[in-house]
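Have a look at the structure below, then the notes.
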Amino acid sequence: MSLQLQEWVSLRAFNTFGVDVRAQLFADAHDEQGVRAALLAAAQRELPLLVIGGGSNLLLTRDVEALVLRMASRGIRILGEDRQRVIVEAEAGEPWHPFVLWSLQQGLVGLENLSLIPGTVGAAPMQNIGAYGVELKDVFAGLTALDRQTGELREFSLLECAFAYRDSLFKREAGRWLILRVRFALSRASELHLDYGPVRQRLAEQGISAPTATDVSQAICAIRSEKLPDPAELGNAGSFFKNPLVAPELAERLRAEQAGLVAFPQADGQVKLAAGWLIERAGWKGFREGDAGVHRLQALVLVNYGGATGQQLLGLAQRIQADVLARYGVSLEIEPNVL
Ligand code: EPU
33 MSLQLQEWVS LRAFNTFGVD VRAQLFADAH DEQGVRAALL AAAQRELPLL VIGGGSNLLL
93 TRDVEALVLR MASRGIRILG EDRQRVIVEA EAGEPWHPFV LWSLQQGLVG LENLSLIPGT
153 VGAAPMQNIG AYGVELKDVF AGLTALDRQT GELREFSLLE CAFAYRDSLF KREAGRWLIL
213 RVRFALSRAS ELHLDYGPVR QRLAEQGISA PTATDVSQAI CAIRSEKLPD PAELGNAGSF
273 FKNPLVAPEL AERLRAEQAG LVAFPQADGQ VKLAAGWLIE RAGWKGFREG DAGVHRLQAL
333 VLVNYGGATG QQLLGLAQRI QADVLARYGV SLEIEPNVL
């Protein structure tokens, strides 16, 4: 399919914050050929190329003087199956949650805890999406990316992606790798992960004692829907900050000062704190200034009530960062990509 370039397109519909900025050039890529055509078009015009998926991890603070390429390639296939694993491959432009539902309909287990995460398959490895005790890396079998520097295709194994909490090689080498398709190792009978937070309790409340993967998916959809705003109704990019990793000494001091501190010791000795708890305790939950705000049910989520600019949302985030640092000595790192 040939590349359709459009000039000065509003990106409002292409970022889940619903921020209204424009792209100098915009195109959809339906396949590898489209991606290559876009790279060429951007080079000819001496414009940078910005690749987006669902725009769900993005804060746009001004017009984008670039060719914005939206990955719109589609296709899901089972590549192979043995007694333990079923390898499934999906094109980068596949929307994530429908892909999860497809896998469940095939009787495949592995993606259920990652239900209802906005975004696309191709964006998922960027920040190693995770929820309810499972991260993308736990079900990852490989991916194919285009090296924008050389134009060559490269296959990546799990180790080569250097996945970490909301992090990967692709995030660290931003702008180099363009993810075309991703492979997942699923199974027909592996165990479910029920131990994160409210999952088991929710299933018990529903009277489900031997849950299937679909039951887990439905429970997680219900839990998420209660706490996280639907971007179609209220602009947001999910968690706006990462949960910070702090030294055990700081965690100890905070625990002594702050009754109820939510903290999770990590294998490496560091302690992960619930940023949402700190932000709520600092009084920001439900805060609103103009159309930029902090969600009233989840303090980790910044929201756009309609007309907020990216600058206003970023300004609010910076005030929260400064306040949390002053009160608790904890630096919060912004999770979405800020442009
Ligand atoms: N909490 C508060 N107040 C708040 C928010 C949270 O006290 O306003 C407390 C909760 O009570 C709980 C703890 O903080 O004790 C953790 O809260 P929750 O389980 O809601 O998860 P989170 O740490 O706020 C992370 C991910 C989410 C993911 C959930 C579930 C990050 C940055 N966020 O949020 O991911 O869905 O866990 O696994 O790691 C995203 O990345 O966009 C995202 C939504």
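Those letters in the sequence shown? Residues 33 to 371, by the working numbering. Here a beta-carbon is modelled for each residue, glycine too, at the ideal position from N, C-alpha and C. Remember, predicted model here, so these are calculated numbers, not experimental data.
### Message
Could you compute how far the alpha carbon of G339 sits from the alpha carbon of R215?
### Response
By 1-based counting over the sequence shown, the position of residue 339 is 307. By 1-based counting over the sequence shown, the position of residue 215 is 183. Rounded to the nearest angstrom, the two C-alpha atoms are 38 Å apart.
### Message
Is L200 close to the ligand EPU? I mean its beta-carbon at under 7 Å from any heavy atom of the ligand.
### Response
As a position in the sequence shown, residue 200 is number 168, starting the count at 1. Leu is not the amino acid found at residue 200; the sequence shown has Ser there. No, Cβ of S200 sits at least 7 Å from all heavy atoms of the ligand EPU.
### Task
Would you tell me roughly how many angstroms separate the C-alpha atoms of L277 and L305, rounded to the nearest one?
Position 245 of the sequence shown, counted from the first residue, corresponds to residue 277. Position 273 of the sequence shown, counted from the first residue, corresponds to residue 305. Approximately 6 Å, taken between the alpha carbons.
### Query
Buried or exposed: which applies to E167, given that a residue is buried once 16 or more other Cβ atoms fall within 10 Å of its Cβ?
Start at 1 with the first residue of the sequence shown, and residue 167 comes out as number 135. Per the 10 Å Cβ criterion, buried.
### Query
Comparing the CB of V370 with every heavy atom of the ligand EPU, is any distance shorter than 7 Å?
Translated into the one-based positions of the sequence shown, residue 370 becomes position 338. No - the ligand EPU has no heavy atom lying nearer than 7 Å to the Cβ of V370.
### Query
Taking the alpha-carbon positions, what's the H129 to I149 distance?
On the sequence shown, position 97 is the one that residue 129 refers to. On the sequence shown, position 117 is the one that residue 149 refers to. Their Cα atoms are separated by approximately 6 Å.
### Task
Tell me whether A45 is buried or exposed, calling it buried when 16 or more other Cβ atoms sit within 10 Å of its Cβ.
On the sequence shown, residue 45 is found 13 positions in, with the first residue counted as 1. Exposed, because fewer than 16 other Cβ atoms sit within 10 Å of the Cβ of A45.
#### Entry: Extent of the continuous beta strand (DSSP E) to which I352 belongs
Along the sequence shown, one-based indexing puts residue 352 at 320. Unbroken run through I352 is the alpha helix (DSSP H), G342 to Y360; no beta strand (DSSP E).
### Contact set for K274: own chain, Cβ-Cβ below 6 Å, skip 5 residues either direction
Looking up residue 274 in the sequence shown gives position 242. Closer than 6 Å at the Cβ level, and outside the excluded window around K274, lie R198, E365 and E367.
### Reduced DSSP secondary structure (H/G/I, E/B, other) of D247
Your numbering for residue 247 matches position 215 in the sequence shown. In this structure, D247 counts as helix in the three-state DSSP scheme.
### Query
Is any heavy atom in the ligand EPU found nearer than 7 Å to the beta carbon of K203?
For the purposes of this step, residue 203 is taken as residue 171 along the sequence shown, with counting starting at 1. No.
### Query
Where does Q56 sit, in a helix, a strand or coil, going by DSSP?
In the sequence shown, counting from the first residue as 1, residue 56 sits at position 24. Looking at Q56 - three-state DSSP - the assignment turns out to be strand.
#### Entry: Test: A156 CB closer than 8 Å to a CB of chain B
The question asks about chain B, but that chain is absent: this structure has only one protein chain.
### Task
State the Cα-Cα distance for the pair A324 and R313, rounded to the nearest angstrom.
Residue mapping note: residue 324 aligns to position 292 of the sequence shown, counting from 1. Residue mapping note: residue 313 aligns to position 281 of the sequence shown, counting from 1. Cα atoms of A324 and R313: separation of roughly 19 Å, rounded to the nearest angstrom.
### Message
Tell me the rounded alpha-carbon separation between E78 and L71.
### Response
Position 46 of the sequence shown, counting from 1, holds the residue named residue 78. Position 39 of the sequence shown, counting from 1, holds the residue named residue 71. About 10 Å.
### Message
Suppose the cutoff is 6 Å on Cβ atoms and the five residues either side in sequence are ignored; what does the same chain contact list for V370 look like?
### Response
By one-based count along the sequence shown, residue 370 stands at place 338. Spatial neighbours of V370 in its own chain (CB-CB distance under 6 Å, excluding positions within 5 residues in sequence) are listed in chain order as L91.
### Proximity test, A291 beta-carbon vs the ligand EPU heavy atom, cut-off 7 Å
Taking the first residue of the sequence shown as position 1, residue 291 is located at position 259. False, no ligand heavy atom lies under 7 Å from that Cβ.
### Query
Per DSSP, which one or two residues make a beta bridge with E113?
Counted from its first residue, the sequence shown places residue 113 at position 81. Answer is V118.
### Query
Any chance the CB of Q302 is under 7 Å from a heavy atom of the ligand EPU?
For the purposes of this step, residue 302 is taken as the residue at position 270 of the sequence shown. Outside the cutoff, so no.
### Task
Please state if the CB of S249 and the CB of V132 are separated by a distance shorter than 8 Å.
Your numbering for residue 132 matches position 100 in the sequence shown. Your numbering for residue 249 matches position 217 in the sequence shown. Cβ distance < 8 Å, so V132 and S249 count as in contact.
### Query
Looking at the structure shown, is L35 part of a helix, part of a strand, or coil, going by DSSP?
By one-based count along the sequence shown, residue 35 stands at place 3. Reduced to three states, the DSSP call for L35 is coil.
### Query
Start and end of the alpha helix (DSSP H) containing V231?
Counted from its first residue, the sequence shown places residue 231 at position 199. V231 to E237 is the span of the alpha helix (DSSP H), which, as asked, contains V231.
### Query
For K317, does the three-state DSSP call read helix, strand or coil?
Stepping through the sequence shown from its first residue, residue 317 is reached at position 285. Reduced to three states, the DSSP call for K317 is coil.
### Message
When you measure from the CB of E97 to every non-hydrogen atom of the ligand EPU, does any distance come out below 7 Å?
### Response
Residue numbering aside, residue 97 sits at position 65 when the sequence shown is read from its first letter. No, Cβ of E97 sits at least 7 Å from all heavy atoms of the ligand EPU.
### Query
Touching or not, the region 347-364 and the region 253-268, by the rule of three or more beta carbon pairs under 8 Å?
no
### Message
Is W128 close to the ligand EPU? I mean its beta-carbon at under 7 Å from any heavy atom of the ligand.
### Response
Residue numbering aside, residue 128 sits at position 96 when the sequence shown is read from its first letter. No, the ligand EPU has no heavy atom inside 7 Å of this Cβ.
### Query
Residues in its own chain within less than 7 Å of R232 by CB, not counting five upstream and five downstream?
Position 200 of the sequence shown holds residue 232. Correct list, in chain order: L226.
### Query
Should G174 and E187 be called a contact, given that it needs their Cβ atoms to be closer than 8 Å?
Residue numbering aside, residue 174 sits at position 142 when the sequence shown is read from its first letter. Residue numbering aside, residue 187 sits at position 155 when the sequence shown is read from its first letter. The criterion of a C-beta distance shorter than 8 Å is satisfied by G174 and E187.
### Range of the contiguous alpha helix (DSSP H) that encloses G66
Along the sequence shown, read from residue 1 onward, the residue named residue 66 stands at position 34. First-last of the alpha helix (DSSP H) with G66: E64 to Q76.
### Three or more C-beta pairs below 8 Å linking the region 315-322 and the region 277-294
no
#### Entry: Best match in A307, R54 and Q36 for proximity to V356 [C-alpha to C-alpha]
The residue given as residue 356 occupies position 324 in the sequence shown. Nearest neighbour of V356 by Cα position, chosen from A307, R54 and Q36, turns out to be A307.
### Task
Below 6 Å CB to CB, which residues in the same chain sit around Q56 once its five sequence neighbours on both sides are set aside?
Along the sequence shown, one-based indexing puts residue 56 at 24. These residues qualify, in order along the chain: E97.
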